[in-house]
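Beneath this line is the structure, given in structure tokens, with notes to follow.
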Amino acid sequence: MHTDQTVPGSHAMPPLPRFLVTVLPVVAVAVSASLITQPNIPTWYASLAKPGFTPPNWAFPVAWTLLYVMMAYALWRILALPENRPGRAAAIVAFFVQLILNGMWSFAFFGGKSPLAGLIVIVALIVAILATIRAFWRLDRTAGLLLLPYLAWASYATLLNGTIWQLNG
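For the sequence shown, position 130 (counting from the first letter as 1) is numbered 130 according to UniProt numbering, and the numbering increases by one without interruption.
Below, the structure is given as structure tokens:
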């Protein structure tokens, strides 16, 4: 009888590669989003009409830092599962789809200076986050739970983005 350690594909990703696969893409999205966002905050974004429920500018990097850490830890947990675990590969793909959409939002909204483009991207992002939570939940409930604050923030950001689009359209 084979144990998990001897069945081909049943091993988890070793810690160093898992760290790199987990942290580097999340950091790359965070940094690239920040680079496109920061220069536009005191200029274009400051000129937009915004709703009363807009948080102060300092709240965004604090929230996103916490969310990115939780996202990376959730992925870390999934990558720690045996490679042959049913649903693992699909969960990883779902994670990276939502991560790409996450980065695309900054480029659409701030880079393109388009609340409408941002709204289109963020709606797709919400769908991708939901798919990722569902895929993670089936494999590791903690990993799924770690993404719930991200879903809440992205939902709030969708309302904010949509309202900004309406106010400035």
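Backbone N, C-alpha and C define an ideal beta-carbon position, used for all residues, glycine too.
Reference A67, options N168, Q166, I164, W153, closest by Cα:
What you label residue 67 is simply residue 67 of the sequence shown in a count that begins at 1. This sequence places Leu at residue 67; Ala is not what is there. If we check each option's Cα against that of L67, W153 comes out closest.
Within its chain, find whatever has a CB closer than 6 angstroms to the CB of P56; leave out the 5 residues flanking it on each side and keep chain order.
Walking along the sequence shown from the start, residue 56 turns up at place 56. Correct list: empty, nothing qualifies.
Which value, in whole angstroms, describes the spacing of the CA atoms of W76 and K113?
As a working note, residue 76 is residue 76 in the sequence shown. As a working note, residue 113 is residue 113 in the sequence shown. For W76 and K113, the distance between alpha carbons rounds to 34 angstroms.
Use the C-beta contact count for S100: other C-beta atoms within 10 angstroms, 16 or more gives buried, fewer gives exposed.
Position 100 of the sequence shown, counting from 1, holds the residue named residue 100. According to the sequence shown, residue 100 is Ile rather than Ser. I100 is exposed by the Cβ-count criterion.
N- and C-terminal bounds of the alpha helix (DSSP H) containing L130
Sequence index remark: in the sequence shown, residue 130 carries index 130 (1-based). Per DSSP, L130 belongs to the alpha helix (DSSP H) from 115-139.
Could you check what DSSP says for residue 218 in three-state terms: helix, strand or coil?
For residue 218 there is no data in the structure shown, the boundaries of the chain being 1 and 169.
N40 to N84 span [Cα, whole Å]:
Here residue 40 refers to the residue found at position 40 of the sequence shown. Here residue 84 refers to the residue found at position 84 of the sequence shown. Answer to the nearest angstrom: the Cα atoms are 45 angstroms apart.
Using a 10 Å radius around the Cβ and a threshold of 16 neighbouring Cβ atoms, would you call W58 buried or exposed?
Locating residue 58 in the sequence shown gives position 58, where the first residue counts as 1. When all chains shown are included, W58 counts as exposed.
Below 8 angstroms, can you find three or more Cβ-Cβ pairs linking the stretch 10-20 to the stretch 35-52?
no
Taking all protein chains shown into account, do 16 or more other C-beta atoms lie within 10 angstroms of the C-beta of R88, making it buried, or fewer, making it exposed?
Within the sequence shown, residue 88 is the residue found at index 88, counting from 1. R88 comes out buried.
Specify the secondary structure class of F95 as computed by DSSP and reduced to three states.
Within the sequence shown, numbered from 1, the residue matching residue 95 stands at position 95. In the structure shown, F95 sits in a helix (DSSP, three-state: H, G or I).
Would you call the stretch 124-133 in contact with the stretch 91-110, where contact means no fewer than 3 C-beta pairs closer than 8 angstroms?
yes
Is the beta carbon of G118 closer than 9 angstroms to that of A128?
Here the question's residue 128 lines up with position 128 in the sequence shown. Here the question's residue 118 lines up with position 118 in the sequence shown. Going by C-beta atoms, A128 is not nearer than 9 angstroms to G118.
Are the beta-carbon atoms of A72 and V26 separated by less than 9 angstroms?
Counting from 1 along the sequence shown, the entry for residue 72 is found at position 72. Counting from 1 along the sequence shown, the entry for residue 26 is found at position 26. Yes.
In the DSSP assignment, find the unbroken alpha helix (DSSP H) run with M13 in it and report its ends.
One-based indexing of the sequence shown puts residue 13 at position 13. Element bounds for M13: n/a, residue is neither H nor E.
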